[in-house]
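Asker: Residue numbers (our numbering): 8 to 365. By construction, the Cβ of each residue, glycine as well, lies at the ideal position given by its N, Cα and C atoms.
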């Protein structure tokens with residue numbers, strides 16, 4: 008009861024603070040609109056590069072599924088092209104342009120880039136807050152990439168991307184949101200006009216075309232913009248310290264550790280699987296302290312006699328796997344509800360045409 012009251016009061020305070028901050032949302036919206044206008048009329052210049060560049064981004068902060076979408080593009084293109092992933096490396100403890108290598112860690116390049124590096128051995132993974140500088144460095148390499156994927160770069164307009172994918176979450180599409188700090192938008196919904204296509208992510212797997220068309224009508228895409236719908240698919244086999252089937256964890260006490268923007272889809276999935284677990288929730292891209300690592304270990308020790316497991320997300324795993332033994336993670340993939348071949352054709356056609364133009 009105490010916890011419920013606490014959460015209720017906390018929710019009221021957050022809502023109150025957001026309402027108080029509304030004037031700042033208006034100011035922030037004006038600033039971003041002026042910046043976008045200056046790029047639109049080319050007073051501020053964007054650099055165009057010869058290498059095909061695909062941006063994956065969003066209008067809001069966090070939680071739209073950029074990482075699984077980037078991984079989808081890697082799988083789609085890696086057999087035919089040399090690929091580079093470019094990210095700013097959010098919360099990394101380094102600066103400047105870095106190409107991931109065997110000395111890299113989540114601390115040095117960021118958790119998502121390190122996840123890409125660990126998972127895909129034949130691609131280039133690099134970080135730099137200055138995307139234009141990074142692309143120049145990549146194009147100067149002896150074994151230069153043939154395609155560059157820019158992670159979370161929709162607002163980085165100093166690079167003129169060849170193809171732009173805009174993501175928006177099913178539970179909070181950008182037309183229903185407002186500007187930071189009252190809402191979650193980085194810029195007004197009108198910014199969506201820069202996208203080549205739009206993907207509504209984290210949809211229910213049974214979302215029918217009638218409901219899809221209702222969402223498309225709300226989004227009001229331009230005539231050249233296609234709208235796609237995807238869902239998150241979780242792996243039934245845990246990886247990490249060893250491989251465990253989720254079915255083997257039923258009727259056992261488990262610990263779930265998350266440091267992501269929106270863990271609710273994972274929670275719903277585990278509940279549907281019938282798992283019993285205690286959820287230790289942290290903020291997105293959380294840097295775990297030694298005290299927190301100890302708390303996680305103690306929580307797992309308390310249930311270890313029940314033969315449960317310590318479970319986390321893949322993004323969290325790359326941050327803490329060196330600090331905690333017997334840790335497992337669950338992989339996710341993005342899956343298209345329909346029209347997947349149309350999406351693939353859009354991407355491969357752009358890359359093929361751009362490669363010929365080079």
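1. Would you kindly report the start and end of the unbroken beta strand (DSSP E) that includes residue 367?
2. Roughly how many whole angstroms lie between the Cα atoms of residue 11 and residue 66?
3. Determine the DSSP secondary structure at residue 54, reduced to helix, strand or coil.
4. Rounded to whole angstroms, what's the CA-CA distance from residue 344 to residue 210? Just pull it up for me.
5. Using the Cβ count rule (16 or more neighbours within 10 Å means buried), how would you classify residue 107?
6. Tell me whether residue 30 is buried or exposed, calling it buried when 16 or more other Cβ atoms sit within 10 Å of its Cβ.
7. Taking the straight line between their C-alpha atoms, what separation do you get for residue 174 and residue 272?
8. Just to confirm my understanding: we take residue 310, look at its own chain, exclude 5 residues before and 5 after, and list those with CB closer than 6 Å. What are they?
9. By the 10 Å Cβ neighbour count, where 16 or more other Cβ atoms means buried, how is residue 322 classified, buried or exposed?
10. Count the other C-beta atoms from every protein chain shown that fall within 10 angstroms of the C-beta of residue 76, then say buried if there are 16 or more, exposed otherwise.
11. Distance check for residue 194 and residue 185, CA to CA, integer angstroms please.
12. Apart from the five residues just before and just after residue 112, which ones in its own chain have a Cβ nearer than 7 Å to its Cβ?
13. Who are the Cβ neighbours of residue 8 in its own chain at under 7 Å, not counting the five residues just before and after it?
14. If you draw a straight line from the alpha carbon of residue 290 to that of residue 264, how long is it in whole angstroms?
15. Here's a check: name, in chain order, each residue in its chain whose Cβ is nearer than 6 Å to the Cβ of residue 253, leaving out the five neighbours to either side.
16. Across which residues does DSSP place residue 146 in a beta bridge pair?
17. Taking DSSP's pairing of strands, which residues face residue 247 in a bridge?
18. Leaving aside the five residues before and after residue 362 along the sequence, list all residues of the same chain whose C-beta is less than 7 Å from its C-beta, in chain order.
19. Which same chain residues, not among the five before or five after residue 54, have their C-beta less than 7 Å away from its C-beta?
20. According to DSSP, simplified to helix, strand and coil, what is residue 373?
21. Using the Cα positions of residue 33 and residue 213, report the straight-line distance between them to the nearest angstrom.
22. Classify residue 296 as buried or exposed, calling it buried when 16 or more other Cβ atoms lie within 10 Å of its own Cβ.
23. Within a Cβ cutoff of 8 Å, which residues of the same chain sit near residue 354, ignoring the five residues on either side of it in sequence?
24. Closest to residue 331 by C-alpha separation, out of 288, 338, 26, 318, would be which residue?
25. Leaving aside the five residues before and after residue 250 along the sequence, list all residues of the same chain whose C-beta is less than 7 Å from its C-beta, in chain order.
26. Reducing DSSP to helix, strand and coil, say where residue 198 ends up.
27. At which residues does the beta strand (DSSP E) containing residue 261 begin and terminate?
28. Please determine, among 341, 326, 240, the residue with the shortest C-alpha to C-alpha distance to residue 335.
29. Kindly give me the distance between the Cβ atoms of residue 119 and residue 94, rounded to whole angstroms, as I take these residues to be in contact under 8 Å.
30. For residue 74 and residue 158, what's the separation of their Cα atoms in angstroms?
Answerer: Looking at the atomic coordinates:
1. Since the first residue shown for the chain is 8 and the last is 365, residue 367 is missing from the structure and cannot be characterised.
2. Here the model assigns residue 11 a pLDDT of 46, short of 50, so the residue's position is not dependable and the matter cannot be decided.
3. Looking at residue 54 - three-state DSSP - the assignment turns out to be strand.
4. Cα to Cα, the separation comes out at about 8 Å.
5. Residue 107 comes out buried.
6. Counting of Cβ neighbours within 10 angstroms places residue 30 among the exposed residues, the total staying below 16.
7. Here the alpha carbons of residue 272 and residue 174 stand approximately 17 Å from one another.
8. Here the set comprises 260.
9. Here residue 322 is buried, its C-beta having at least 16 other C-beta atoms within 10 Å.
10. Of the other Cβ atoms in all chains shown, 16 or more fall within 10 Å of the Cβ of residue 76; this residue is therefore buried.
11. Straight-line spacing of the CA atoms in residue 185 and residue 194 works out to 9 Å.
12. Hits under 7 Å: 121.
13. Model confidence at residue 8 stands at a pLDDT of 49, short of 50, so the residue's coordinates are unreliable; what they give is reported in the following sentence. Result list for residue 8: empty, nothing under 7 Å.
14. The straight-line gap from Cα to Cα measures roughly 11 Å.
15. 243, 280, listed in sequence order.
16. None; residue 146 has no bridge partner.
17. Residue 247 is bridged to 335.
18. The residues are 59, 153.
19. The beta carbon of residue 54 sits closer than 7 Å to those of 139, 165, 166, 167, all from its chain and outside the five residues before and after it, given in chain order.
20. Missing from the structure shown is residue 373; the chain here goes from 8 to 365 and no further.
21. Each residue's alpha carbon lies about 37 Å from the other.
22. The C-beta of residue 296 has fewer than 16 other C-beta atoms within 10 Å across all chains shown, which makes the residue exposed.
23. Excluding positions up to five away in sequence, the list reads 61, 80, 83, 84, 170.
24. Ranking 288, 338, 26, 318 by CA distance to the CA of residue 331 puts 318 first.
25. These residues qualify, in order along the chain: 244.
26. In this structure, residue 198 counts as helix in the three-state DSSP scheme.
27. Looking at the DSSP string, the run of the beta strand (DSSP E) that includes residue 261 is 260–265.
28. It is 326.
29. Indeed they touch by this definition, with Cβ atoms about 6 Å apart.
30. If I take the Cα positions, the gap works out to 8 Å.
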